[in-house]
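Residue numbers (the numbering used here), protein chains in the order written: chain E, 49 to 503; chain W, 49 to 503.
We put the CB at the ideal spot given by N, CA and C, even for glycine.
Here is the structure we will look at, set down as structure tokens.
Number of protein chains: 2
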Amino acid sequence: MVPRTTTSEAPMTAPLHTLDATTLARALAARELKAETLAQALTERALALGPRLHAWAHLDAAAARRRARALDQAAAGGSASGALHGLPLGIKDNIDTAGLPTAYGSAVYAGHVPQADAAVVALARAAGAWVMGKTACTEFANMTPCATRNPHVPAHTPGGSSSGSAAAVAAGLVPLALGTQTAGSVIRPAAFCGTVGYKPSPRRLPRAGAKPNSDTLDEIGVLARSVADAALLSGVLGAWGAGPAPRLGGDAATPRLGVTLTSRAQALSAPMVAMVEDAAARLSAAGATMQLAVWPEGFDSLFDAQRTVQVFETAMALAAERQYRRRQLSAGLRALLDEGAALPAAAYAAALSTAQATGLRIEELFGQAEVLLTPAAPGAAPRSLRQTGDPAFNRPWQLLGCPCLTLPGGLDAQGLPLGLQLVARPGQDARLFEVAAWVEERLEARTITHAACGD
Amino acid sequence: MVPRTTTSEAPMTAPLHTLDATTLARALAARELKAETLAQALTERALALGPRLHAWAHLDAAAARRRARALDQAAAGGSASGALHGLPLGIKDNIDTAGLPTAYGSAVYAGHVPQADAAVVALARAAGAWVMGKTACTEFANMTPCATRNPHVPAHTPGGSSSGSAAAVAAGLVPLALGTQTAGSVIRPAAFCGTVGYKPSPRRLPRAGAKPNSDTLDEIGVLARSVADAALLSGVLGAWGAGPAPRLGGDAATPRLGVTLTSRAQALSAPMVAMVEDAAARLSAAGATMQLAVWPEGFDSLFDAQRTVQVFETAMALAAERQYRRRQLSAGLRALLDEGAALPAAAYAAALSTAQATGLRIEELFGQAEVLLTPAAPGAAPRSLRQTGDPAFNRPWQLLGCPCLTLPGGLDAQGLPLGLQLVARPGQDARLFEVAAWVEERLEARTITHAACGD
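This is the structure:
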């Protein structure tokens, strides 16, 4: 069995790259660890894994070290430090970072350096975080893969479009990373790489400064090694606004859970079905209320409606690139943009109506459950570097505006992670985290930090 | 009385800057007019009015002329030309233009030159339009004014935040301009300057490449001299997608109208009330079905709820500027961002719930009416250059997601325009244009092109 990291380890005896953000934050706040030391450790890890993993789109180790050192110096000088003091972040390459190359995963923007940070980057830095580097993403965060490999079995996709963010967190290149999701671009790579991934309710994390694809669907997301780590970063970015943070651990109420394989269960792999069923059984045995959530009549239309909204809006949002830089786009993206541009507005309007009408009936799906357990993807990561896998099991939740969080659900026979997705009603982000922490503890669903690719 | 331009004039006998876009487009398509000639005429107009009006934030006359000439040459070479062939545009300074300075109305971004066009700019250019220049806007399209003056009475505000776009279209600096609206930033300046202004249903015009303020509320808008002109540009930008364009003129069905002064009628000036009542009476006499739309119980909460959503989200979207560039922000914007950052998430969530719950009851307001007539602003432009006026009469429609179009409703005793706002149900943008054209024709509600400031 692969070793697992727990927060009960003494922080300084384990290699720094194996520690989770919560542990690191504690050591950094107590001045037992310098940010610069962490920068050095993560640079060494990147040098060791870089040629195999391709998780970083941009990494300037000396500049990263300077950013870390500046925080150490400010702290030594007595400056107030925030909740993320000294923590390094990986930032997906479709999210703007002032002074750091941001190519949106496309040759069109090679060498592009934004003048300003995206809002989420600014909020994280204001709380004391520093940027380690930019993580690789698919072309404009659509379906054409980048070079990143799955840290567990390198011939398999890491998923996309937040490929580098998921792989970097899984392989110990960085403890926390930002991603974005329009269909399944946070949850799917997190699941394929065996990390925690969180996609918020609509607009909970500000999108300003992320390259738009679908204005209705795009969300900022977080990739992390534990629910507590994801909560640490998500809270700073606004996931519960100025409201109370979720209570993770002991005194949170025992959750009321539902389980659904959606109306597309026939597309699931046998190990995925077994993992979800086993998780439900164990959580029920641990005391959770468990019900079968029946997929209501009409909800199957969400799968296609989400795709229609995404394709139509992406063609509009990438109008400049479609118009002026057509030859620099992949054939796949060109075809997608052309498809979107040719869609009748009536089809788009009908898809939005489907979303609205179905959303009004969401109680039929959730019933008594606070949170639904459902597959994060059809199965483990496919054996291919030419595709990033199928977001079908993310589409309905994205269109409904449900917050989603995936937990590592163990490994299949090939050593590839399976993702257990938790889904709450729109707006219930804080409770989703409480339930996810409860589930994580019962299932021991920890990120596997010693990835096969690395060690 | 101020002279009015009509499309029945022979295009070449009137000064070019007085012609509307539809007339210009016809002459450009027939090769009776060169884009370069138009660039020259608009440059002369800018030189004559510039020092008084301050509508342009950036105008490089030689570069604009080169862009126009390139279109003439492409057309002479037989290249296919689009629906906007040869038409010049003013682009609000918070909308990205590749290679053209875009400062978002703030010293923070002085000299900033985006690498890519916003989606709306790309779509317009793909259809043959060219950019004349960037129009001045308030600081980050919020409430702190830019230097622009009202073309009718220069001591009065032009409104904001799309100040320069409205003033430029009203004063004949450019026939068409793009704006943005979060509360009333298109409709209010259009009304104050006596032009047509259109704010679409949510997401009808793609927002990619416009600087975000409030992710729920921000929309791209169009400022023009007639309903037909606004329709020409809006259609290219996606207002009816690939669906049928509205039928403007003769054979459109006689509209069913309602009239409302909202629940805030006590804030309206007497001339504004008289203008709306007179318009309703004349349209009723012209054959429209006319009803009084009673403001339903509970809808008054929309005014405050819109502001809560805006302030909360703007503080998040401008997190980088609030964090790093605080000293370069106006005191007013700093206070607004601090207010937003201190709002409890519960207040924000409650405001969004108000929007949703009220939106579900929208039939109670519209009843049998297709389109509501309502004031575009409390009255004419206030006598001040330190404020841009009150968006109260825009807030509820923005939060409800209603498409809005303002028509020039004549001048008050001081020679200042009054705006008649037409509002449709969300998604009914094409029908809104049909009704607006019908109303425009009955009321002879044309933009006043010879503004006092200019001639």
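- Comparing alpha-carbon positions, the option among E:Arg197, E:Ala403 and E:Glu369 lying closest to E:Phe240 turns out to be E:Arg197.
- Counted as a single uninterrupted DSSP element, the beta strand (DSSP E) harbouring E:Leu421 occupies residues Val419 to Pro423.
- Contact annotation for W:Gln354 against chain E: no contact, minimum CB-CB distance about 15 Å [criterion: below 9 Å].
- Around the C-beta of E:Val342, fewer than 16 other C-beta atoms lie within 10 Å, and the residue is accordingly described as exposed.
- As the crow flies, the alpha-carbon of E:Gln229 is around 20 Å from that of E:Glu387.
- Where W:Ile410 is concerned, the enclosing alpha helix (DSSP H) starts and stops at Ile410 to Phe414.
- Counting the other CB atoms within 10 Å of its CB gives E:Thr66 a total of 16 or more, which places it among the buried residues.
- With the criterion set as a beta carbon lying under 9 Å from some beta carbon of chain E, the members of the segment 247-259 of chain W are Pro250, Arg251, Arg252, Leu253, Pro254, Arg255, Ala256, Gly257 and Lys259, in sequence order.
- With distances taken between CA atoms, E:His204 lies nearest to E:Gly427 out of E:Gly427, E:Glu482 and E:Arg443.
- DSSP, reduced to helix, strand and coil, places W:Cys450 outside both helices and strands of the structure shown, so it counts as coil.
- Under the three-state reduction of DSSP output, W:Leu466 falls in the strand class.
- According to the DSSP assignment, W:Trp178 belongs to the beta strand (DSSP E) that extends over Trp178 to Thr183.
- Scanning chain W for C-beta atoms nearer than 7 Å to the C-beta of E:Leu171 yields Ala367, reported in chain order.
- Neighbours of W:His160 in chain E, taken as residues whose beta carbon is under 9 Å from its own, are Gln163 and Ala164 in chain order.
- Taken through DSSP and simplified to helix, strand or coil, W:Trp104 comes out as strand.
- Per the DSSP secondary-structure output, W:Ala225 pairs in a beta bridge with W:Gly138 and W:Leu271.
- Each residue's CA atom was taken as its position, placing W:Glu361 and E:Ala333 some 42 Å apart.
- By DSSP's assignment, W:Lys247 forms a beta bridge with W:Cys452.
- Within chain E, the residues whose beta carbon sits less than 8 Å from that of W:Asp263 are Arg251, Pro254, Arg255 and Ala256, listed in sequence order.
- In this structure, W:Asp68 places its C-beta atom within 9 Å of the C-beta atom of W:Ala276.
- Secondary structure note for E:Leu480: it is in no beta strand (DSSP E), and the uninterrupted alpha helix (DSSP H) holding it is Asp477 to Leu491.
- The beta carbons of E:Pro474 and E:Pro250 sit about 7 Å from each other, so the pair counts as a contact at 8 Å.
- Boundaries of the beta strand (DSSP E) around W:Gln339: Thr337 to Leu340.
- Here W:Pro99 is exposed, its C-beta having fewer than 16 other C-beta atoms within 10 Å.
- The C-alpha of W:Ala118 is placed about 55 Å away from the C-alpha of E:Gln121.
- Using beta-carbon distances, E:Phe360 counts as an interface residue toward chain W, with a partner under 9 Å.
- Among the residues of chain W, none has a CB under 8 Å from the CB of E:Ala131; the nearest is roughly 14 Å distant.
- In the structure shown, W:Leu76 falls within a helical segment according to DSSP collapsed to helix, strand and coil.
- Taking the Cα of W:Gly257 as reference, the smallest distance to any Cα among W:Pro344, W:Leu171 and W:Trp178 is reached at W:Leu171.
- Residue burial annotation: W:Ala151 is buried, with at least 16 other C-beta atoms found within 10 angstroms of its C-beta.
- Sequence-distant Cβ neighbours of E:Val156 in its own chain, meaning closer than 7 Å and more than five residues away, are Glu369, Arg373 and Gln376.
- E:Gly388: member of the alpha helix (DSSP H) spanning Ala379 to Ala390, first to last residue.
- At a Cβ-Cβ threshold of 9 Å, W:Leu305 and W:Leu316 do not count as neighbours.
- Closest in C-alpha terms to W:Ala146, from the list W:Gly212, W:Gly380, W:Val179 and W:Trp104, comes W:Val179.
- Under the 10 Å beta carbon count, E:Ala379 is surrounded by fewer than 16 other beta carbons and is classified as exposed.
- Taking C-alpha positions only, W:Ile143 is separated from E:Lys182 by approximately 26 Å.
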